[in-house]
Each structure stands twice: as structure tokens, then as C-alpha cells.
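Since the structure comes first, as C-alpha cells, the remarks are kept for the end.
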Amino acid sequence: MTRTTTPHINRVGLGIGLMSAALIAFQLALMQLFSITQWYHFAHLIISLALLGFGASGTFLAFFRKGLVRNFTTVYPVLLLLCSLTMAVSPLVIQSEAFRFDTYLLFKDSRHLLRLALTCLFLLLPFFLGALAIGLSFVQYGTGIGRLYFANLLGSGLGGGLALALMWLSPTAGIPALLAILPFFGGFWLPASSRLRIVFWVSLLVLLVMNADVPPLVRSEYKSIEKTLLLPDARVIREHHSPYGLLEVVVSPALRYAPGLSLSYRGNIPARPGVFNNGDGVGVLLPRTDSILRYTTQALPYQIQPVERALILRSGTGEQISLALSFGVQQIDAVEPSRGLIALLDEDSTGNFQYDSTIRIMPLEPRSFLRSSRAFYDLIQLPEIGSFWGSSGLNALEQRYDLTREAMDELWLRLTPDGLLSVSCWMDYPIRSPLRMLATFSDLLEGEGLQKKDHLVVIRSWSTLTFVAKKSPFTSQELDRIRTFCAEQYYDPLILPGDGNFKRDDYNQLDDPWFFQAVDQLMTDSVEALYRQYAFRIQPATDNRPYFFQFLRLSGLPQLKTLFGDQTIPFMELGYVVLWLTFILLVAASLIFILVPLLPAATKLQEKGKLFFYFAGIGLGYLFVEMVFIQQFTLFLGLPIYAASGVISLLLLSSGIGSYFSGRMVSTSQHLMVISLGIAVLILGYALVLSPVLRGLNFLPMPLKVGLMVLLVCIPGFFMGLPFPMGLSKVSSQQAAAVPWAWAVNGCASVVSTSLAMLVSVEAGFVWVMVGAALAYALAGFSQKS
Amino acid sequence: MALSLVPFLWVVLSFTIPLAGAQPEAFVQARKQMVRMQIQARGIHDQEVLEAMRTVPRHQFVPLDYLAEAYRDGPLPIGYGQTISQPYIVAYMTEQVRPQSDFKVLEIGTGSGYQAAVLAEIVDSVYTIEIVEALGQAARQRLRDLNYNNVRVKIADGYYGWAEAGPFDAIVVTAAANYIPPLLIEQLKDGGRMIIPVGSPFQVQMLKLIEKKQDKVRTKNLLPVRFVPFTRQDD
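As given, the protein sequences belong to chains A and B, one line each in that order. The opening residue of the first sequence carries number 536 in this note's numbering; numbering runs sequentially from there. The opening residue of the second sequence carries number 96 in this note's numbering; numbering runs sequentially from there.
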């Protein structure tokens, strides 16, 4: 075996940069993969797994540091190679029979829990191996940590953009194998023994095979698309992958859609192509002026008064556009954030739905459009609440800024003097969505200083409700038309202005009249009592807590357990339960894999408490800030995917630059304290002004918005890049044995931080996540006080 | 025998007992217990329904993987994203259509065939439609093997109902839909009752009763049901 020399730091840095880019992109690809095969909740799990891999590598390094350093020239490229190979084969492995789990069966079949655990363990490998290579290089090139850390953050920053680009270009299952090429060449580039060189060449063959033969995605049999594909002659006629997800159009002669169709309807329900994003149903493609929706409660606003100009938010597959056209609306503005869906409609797969001068469609989040628009509408139609396709509470953590209390205020401003604001909602059991929607309308009208009972109409069918709020009071002719509509279609009025002389359950009887009492309570001033008593959280969603579909509250759990039993609760809000589950598992995993193994050695360290609070504080604080920035800039830019990847990339890049500069600074306790406290103050300042500034500047054109985002993210990002390398440098110079402990504590805090930040935002709101970030940095700063 | 030992025995026995053959005492006992604890205790009193639930061998309608759980108080996966309903729900739905011995009942969504078998124990004839071919074929064979000669299985789109056999005294829809097919309402006799679950299959669903009287159609919420077992407050 020929002896190889230690590679130059620049070569190692290049490898680290390439691998870091691949690891971040791999994370995003896995999130997308799980969104398609299961549901998007595993995003937090993937982020945490990645961080767990980093943390665990620190612990491993602590135990085997000497041996690894001694054999650096062999170990380092091998780690890159193994990282590459595990990444490349991951879609194949985690979709194999032994590993493949099903979200719904996790609570039913313990084998699926085991498979989930196996999947997690396997996916931990690329992150662990990659992080081990990074950590090892830090140890090997002690004085050059700043440069290597810069390469790490620069690569990570670019990885986000790389993932987005690949999502446009390649099927999701093929992305890991493509990414695996990066760490492979990071290792291949280094000097190696002839035996190792052969291993690299063989591995290259494996990579080529993995890239040539992309495994198909195996989805949960409970996904809407899988059930739809069981219908006779069902087939996918169109498929389009992008960062927005995998968009598919399915046709079958048995695929029909008539949500909450009136029981008086006696006609035919024609088959329509169904549209699915990541396997979840998002709607159907209707002909230009389809009449079927005229026989649903959604047609209510058009019965009330003629509509000339309508705004349709989240127009999706164009169902509401079709309904509006069937009522002869002259001008329709539609807002839909998914460019994939817009392109789909524009291409007109049904052959009869073309955009023209009547329809103007904007590829934006509804709130971004509202804040920049000056137009007024006779009707604003909000997207349908809930879904027939059923997600079993899986969208509990979906941030919906178009359904918040603040959104309602902005919508109200865009109505003509007699304008209508309408939304339809599926009845859920136990009843939650309709009550929250009513609470939101009630609060809006109260805020506007209007008599609620004069401005709101709600009707109910066997499965849906439609709410219509009118800016001016309803007239008696309008009320007559509503009554006629209800009688013809077998609907019952729930709220109707006037003397209250109407029957609420003539056609559709409820099992429990409690719902009517709750509705009455929401229409009076005793809402607070209802909010307190009801087991679910039904207060209006706000920009601070934009989770419209999150209803479970911890204090209501005993009541729900009595009513439904503890096995039912997970299915009411699976997304929320999965978040808690993830959090608890990750706390346990990070303790087991990272912290506990180091405890015996840590007891011998000096100032271990100081170290703990410093590295835990900056670990928690950093990711908390990242979470809030993603939330704020999603609202600002109106493009969630680009906002998220932009924030992550900019934060990493600016922190990378910060870390690069950290090498020029002296790392004393006082410096660490001043910098950490300075960051805490900066974050508090952001908590106070960021939201109003972004709201005030929402009118800016997109290039300026992006410029502002770069500025606002990079300033704190730069400073937040200082504490970690400076802290590590100080520890390294004072007690080298404490480096793994510091690394592990930081990793541990990072692992739990994403889920914890999410929990804080759900339970208390994003403002508290920001306050939490400031407190974490303050804690880190004060820990350095002598 | 302690109930905890029963599942183990079922797994062992299931490989040795022919489908329509004699049933081991364990199954019979488990079924009796199921009726007593899960169904009668929750307020189902129709003697014919109870007898039907005591008679139909539920364990022969569940996949082998879940054999040990066949008589547990919950639904079970049967593949293709479908489930066999919780025993109580099957009993409840059966009771709600008020089955008579001369009834002709239509079922939409055969699934495993269990609901059809329970109905067939009481009524004159059951017409059941399954859209997933593999499920329909398996159910047809299973029902034939168990000698349910008054059940006819059709593999088709339930949207159209079974016009040649209609009108029906009752219609049981076992799968939630975003609409109630107009043709099913047409095929329901005047005064007939249709029962249908509404909502996501994994959420708490609402069982709805649809009554047709003099061409007017009215609905009534009956009972929230869900994927996994729970005890109602009034139990």
C-alpha cells in the first residue's frame, strides 16, 4: 500500500463544500419524497435527522478521534465515498419492503413503527458520515476551522438552490443519486492509495447504475391518488414535477366530483379529470362553464345579487372560476400560488378551458396579491375549507395566511360597497372548521362595527356550509332569493338576517342541537365562554398563529379522551400528533446518540455548565430565527418555496462569511458574551419591527423585495455565524478535550430546535419563537460572564 | 379460556381449518363476547341483528395478518386502502336500515363482504357492488364459500346502482363520497332508507340516514364513527 500525503486544506475544503451542498439538497429531496409517498409532516423529522447525524458524529469523534486523525488520508475520502453511496441507494432502500412504512398504520400496526425506526436509522447514515468527515477535517486542520466552516456553510447555502433546480429537472426519486456525485468527486479528487482508487472506480459504476435506473416511488395505499387509481380504467395522463410537488392528472370513467351536491339534483354527474399534488387530491378539471357546482351551496353568493367582478383566491384547478363563468361574471381575477396548477389549466387538458380577457390569473399567495392590489370586487371567494379527499388532520400544521383574521380585514377593504365575501366549508366531526370560520366572520364584523346578524348568511346542506358576509345589510329581496334557493335545493339556513323565523333543520337534521347553540353563542357577545368551554381551539387564526386547521389544545385532551378514547385523537389531527411524537423521539434520540455517551468524559471537563448553556443557546437560537424568517418572508414574497430556500441559503451564506471573518477575531469570553448579547438585542429588534416593516413595504416590486430580503436576512446571518466558530476556537485552545462536548451540545440543541420552534409557534405564536431565539442567545451570552 | 390466549390460537388454527368448515370454539366464543361487549353494551337490541353478528364468521373476512384481531373492537385494513368496519358499526348500520325478512337491500362498496353477509342473514336478498376488481372477486368467492347464496356481487361503478334489481327497500353505502349519486336515490323505494358515512375515511365520520318520502329527500345525522375504537360518553 502506497503511503499518501495529507491533502491540502483547499482540496479538503472543496470536498466539504461539495458534500455540504449535497447534504442540504438531499434533505430537501427527502422532504419532497416523503411528501409524495407519505405526507409532508416528515419534513421536521428529516431536518432533525440531519442534525442528529451531525450531533452523533461529534460524539463518535470524541471516542475515536485519535485513530481517525491518524488515518485521516484514508478515512476522510472513505467517509465521503460512503456518504455518497448511502445517499445514492437511499430511495431504493427506504422503499423496500423491510423499510417501507405507512403513516396511517403507525398507530395500528407496530411493524410499521419498526420500519419507521429502520428508515430513520438508514437515513441517518449519509448525514452522520458526511458530518463525521467535516468534524474530522476540523480536528485535522485546527487553525483553518474558519475556512473549512466557510466552505461548509457556502456549500450548504448553495445546496438549497441546487435542490430547487433539480426538482424542476429530475423526478424526485432520481435526485439523491444525482446529488451523490458531489461527495463522490469530493473524495475522488483527493490523493488516495491504489486500493482505495479501485474502490472509487467500482463505486462510480454503482453511482452510474443508480442514476440510470431510478426506482419508482411507492406511495401509501391511503393516499387519494392511490385509491383513485384503483377505479376502472384509471390512468395518469399528465405528470409534472417541480419544487411545488408532483402534479398528476388522473382520468377514469368513474372519477366524478360534485362536492356536497344537492339532493334535489337528478341529472348526470359526468366524469372529470382529477388533479393531485404529491398524491393528494386538489380538485378536478371542469369545463369552462360547468353547471354541476350550481347545485351546491357554493352557488349561494350568485343567488344573492348579480356579480360583475369577482376575485377568487387559491383558484386551484379552476372550479370556482368555472362556477363564476356559469353565472356570467364579466371579470375574474384569480390568485393561485402554484405555477404548476396555472400551467395545467392554461394548457387546457380538457380542451375547453382557456384563459382569456375575462380571466386574469396571478401566480401569488393571496395575501401578497391583496396587499399590492387596489381593485374592488363584487364578490371575493375564499378557497373551500376542508376537503372531501380527507387528510385526517394531516394539514393541521399548514400555515394559511389567507384564512387569518388579518386576511379578513384586507379582504373586506377590497369589496365594493355592496360586495360579498364568501367561503364554503365541509362539515367535520367533531365540528371545528365551521365554528372557527364563523368565529372569524363574527370577529370581522364586530371589528368593522357592524351588526353581525344583518350582514351574515350561512346555509347548510347534508355535508357543506356556505358563509356569505355582505358589506351592506342584506335586503328583503335578497333574503327571499336565499330562502327560495334553500327550498329548491334542500338546504337549511343556519344564519339568516331578519326575525329568526326559519327552521334550521328542515331538510338536514343534526344528531345534537349543541351545534346550533354554539352558533348562536358565536353570534352574540358570549364567545369567550365558548372558547373556554369547547375542547377544541376555535378562535380565529391570526398571522402570528396561522394554523387554521389546528384545533387540538392540550388542555382539551382529557375531555376529548373521555368522549372519544385516546386512540381516536391522533386521527383527528395527525399532523399535530406527529409533531409531538417527532419532538419526543428526537429529544430521546439526541440524548441517547449525542449527549449521554459523552457525559462520563464531560464530568472531567472544566466549566462544562458554561459550555453547555453557550453551545445549546446558540444552537437553539439560530434555528428559531431561521423558522421565523421563513414564516415572515413567505408572507412577504408570496412564494413559499422560494422564500424558504432563499432564507435558508442566505442565512447559511451570510453565516459562512461571518465564520470566515471569525478567524480574524480574538475569542475571549468577553467577546463571546458581547457578540451573543448583541445578537439577542438584534433579534428582539427584529421581533418588534420586522413584521410591520414587511407589511408596510409589500407594495414593492419583486426585485426590490428580494433585495430587501437579502439585506434583512444577511445582517443577522453574518453575526450569527460568529459565535459557533469563535466558541469552538476558544474551547479548542483552552481544553481541546471539550471540543466534542461543545459540538455535541450544539448538535443536540439543533436537533430538537426545529420541532420545538414549530410547537412554540402552534401553541403561542411566531412572536414567541423570536423571543425564544433572543432568550437563547442571551443565555449563551450570560453563560460567558466571568 | 383467557381472552389473551385466543389471538395466538387463532393464528395457529387459521392454517389448519378449511374456510367453510367447523369453527373452533374460540372463534364462536370470541364472537359471542364481541356481540355482548361491543354491540349489545352500546345499545343495539334488534335480536335479528345480534343473531346475525353472532353467526357471521368475521375472522374469515379479515386478512391473515390481522386474524388475531378479527373480533377486536375496531376496523382493520383489508388492502387497497380499504377497511373492514368495526363490528359495532356494521351492527349499527344494519339496525338502522330496519331490515325485514322480505327486504331487498343494495350495498355500495362490498369490501371484504362482511356487511353483505350480515345483511344476508336477515333479509331476502342482498345486491352488493364493488368497484375494485380484486376486492370484488375475493368477496364473491368468500361469500360463495360460506354459502351466502342470497348475495349477488357485481364488480362495477356503484354510481349507477343496480337498476335491473331495484327499487330497493334499503341502501347501505359503506364508502364515503363527495356526493350522493342521484341514481341511488331514484332506486330507493318511497319510504326507503339509505345509510351513508360522510367525511374522510380516517377522520371521525358521520353516519347519515337519507329518507325518501313522496319524492322529498331528507337527511339525518345518526352517529359519529371513527377508524379506531372509542367508547361513547353514554356507554
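Ideal Cβ positions, reconstructed from N, Cα and C, are used throughout, including at glycine. Computed from a predicted model, the values in this text were never measured in an experiment.
May I ask which residues mark the beginning and end of the alpha helix (DSSP H) holding residue i?
i, result
"Gly-1242 of chain A", "1237 to 1255"
"Arg-895 of chain A", "That residue, Arg-895 of chain A, is in no alpha helix (DSSP H); its beta strand (DSSP E) goes 894 to 897."
"Phe-719 of chain A", "716 to 723"
"Phe-263 of chain B", "Segment 263 to 268 is the beta strand (DSSP E) holding Phe-263 of chain B; no alpha helix (DSSP H) there."
"Leu-1065 of chain A", "1062 to 1068"
"Arg-1072 of chain A", "Run containing Arg-1072 of chain A: none; DSSP gives neither H nor E here."
"Lys-199 of chain B", "Note, Lys-199 of chain B: premise wrong, no alpha helix (DSSP H); beta strand (DSSP E) at 199 to 203."
"Asp-748 of chain A", "Segment: none, Asp-748 of chain A is in no alpha helix (DSSP H) and carries neither H nor E."
"Gln-1056 of chain A", "1049 to 1057"
Go to residue i, then tell me how far its beta strand (DSSP E) extends in each direction, as first and last residue.
i, result
"Met-289 of chain B", "283 to 293"
"Glu-225 of chain B", "220 to 225"
"Gly-174 of chain B", "171 to 174"
"Arg-995 of chain A", "991 to 995"
"Thr-707 of chain A", "Thr-707 of chain A -> no beta strand (DSSP E), and no H or E assigned at all."
When DSSP builds the beta bridges, which residues end up paired with residue i?
i, result
"Tyr-912 of chain A", "A:Leu-950"
"Pro-319 of chain B", "B:Met-301"
"Glu-783 of chain A", "A:Glu-774 and A:Phe-811"
"Cys-960 of chain A", "A:Ile-920 and A:Leu-1000"
"Lys-249 of chain B", "B:Ile-224"
"Asn-1043 of chain A", "B:Thr-314"
"Val-870 of chain A", "A:Leu-848 and A:Met-897"
"Arg-791 of chain A", "A:Ala-806"
Compute the Euclidean distance between the alpha carbons of residue i and residue j, then round it to the nearest angstrom.
i, j, result
"Gly-886 of chain A", "Lys-1006 of chain A", "Note that Gly-886 of chain A scores 45 on pLDDT, short of 50, meaning its location in the model is unreliable; the coordinates nonetheless yield the value given after this. Going from the Cα of Gly-886 of chain A to the Cα of Lys-1006 of chain A covers about 38 Å."
"Leu-1134 of chain A", "Ala-666 of chain A", "21 Å"
"Thr-832 of chain A", "Arg-1039 of chain A", "15 Å"
"Ile-173 of chain B", "Gly-253 of chain B", "19 Å"
"His-647 of chain A", "Gln-916 of chain A", "42 Å"
"Pro-102 of chain B", "Met-148 of chain B", "Note that Pro-102 of chain B scores 41 on pLDDT, short of 50, meaning its location in the model is unreliable; the coordinates nonetheless yield the value given after this. Cα to Cα, Pro-102 of chain B sits roughly 19 Å from Met-148 of chain B."
"Gln-1166 of chain A", "Ala-564 of chain A", "21 Å"
"Ala-1284 of chain A", "Val-1122 of chain A", "9 Å"
"Ser-1011 of chain A", "Asp-1047 of chain A", "31 Å"
"Arg-137 of chain B", "Val-130 of chain B", "10 Å"
"Gln-756 of chain A", "Phe-636 of chain A", "Reading off the sequence shown, one finds Glu at residue 756 of chain A, where the question assumed Gln. Their backbone Cα atoms lie some 11 Å apart in a straight line."
"Arg-239 of chain B", "Ala-942 of chain A", "59 Å"
"Leu-603 of chain A", "Pro-612 of chain A", "12 Å"
"Glu-1108 of chain A", "Leu-880 of chain A", "32 Å"
"Phe-720 of chain A", "Ile-1176 of chain A", "29 Å"
"Ala-260 of chain B", "Tyr-222 of chain B", "8 Å"
"Gly-256 of chain B", "Gly-982 of chain A", "51 Å"
"Pro-841 of chain A", "Cys-1249 of chain A", "50 Å"
"Ser-787 of chain A", "Leu-796 of chain A", "20 Å"
Below 9 Å on C-beta distance, what does residue i contact in chain B?
i, result
"Leu-656 of chain A", "Per Cβ cutoff of 9 Å: no residues; Leu-656 of chain A is ~24 Å from chain B at best."
Under 9 Å between the Cβ atoms of residue i and residue j?
i, j, result
"Val-268 of chain B", "Ile-250 of chain B", "no"
"Val-157 of chain B", "Ser-207 of chain B", "yes"
"Leu-1212 of chain A", "Ala-1313 of chain A", "yes"
"Gly-590 of chain A", "Trp-1278 of chain A", "yes"
"Ile-581 of chain A", "Leu-658 of chain A", "yes"
"Ile-280 of chain B", "Ile-203 of chain B", "no"
"Val-734 of chain A", "Leu-616 of chain A", "yes"
"Thr-572 of chain A", "Ser-728 of chain A", "no"
"Leu-938 of chain A", "Ile-920 of chain A", "yes"
"Ser-1180 of chain A", "Leu-699 of chain A", "yes"
Mind pulling the chain A residues with CB within less than 9 Å of residue i?
i, result
"Tyr-209 of chain B", "Residues of chain A passing the Cβ test: none, with the nearest at roughly 18 Å."
"Tyr-175 of chain B", "Glu-756, Glu-761, Lys-762 and Leu-765"
"Leu-317 of chain B", "Asp-1046"
"Lys-249 of chain B", "Ordered by position in chain A, no residue passes the 9 Å Cβ test against Lys-249 of chain B, which lies about 12 Å from the chain."
"Lys-303 of chain B", "Trp-997, Ser-998 and Asn-1043"
Given that residue i touches chain A, what residues does it touch there, using C-beta distances under 7 Å?
i, result
"Gln-232 of chain B", "Going along chain A, no residue has its Cβ under 7 Å from Gln-232 of chain B, so there is no contact; the nearest lies around 13 Å."
Please list, in chain order, the chain A residues whose beta carbon lies closer than 8 Å to that of residue i.
i, result
"Asp-285 of chain B", "Here the premise fails: no neighbours, minimum Cβ distance about 15 Å."
"Lys-43 of chain B", "Since the displayed chain B opens at 96 and closes at 330, residue 43 of chain B lies outside it and no answer follows."
Below 8 Å on C-beta distance, what does residue i contact in chain B?
i, result
"Gly-802 of chain A", "Pro-277"
Which chain B residues are close to residue i, counting only those with a beta carbon under 7 Å from its beta carbon?
i, result
"Ser-998 of chain A", "Val-293"
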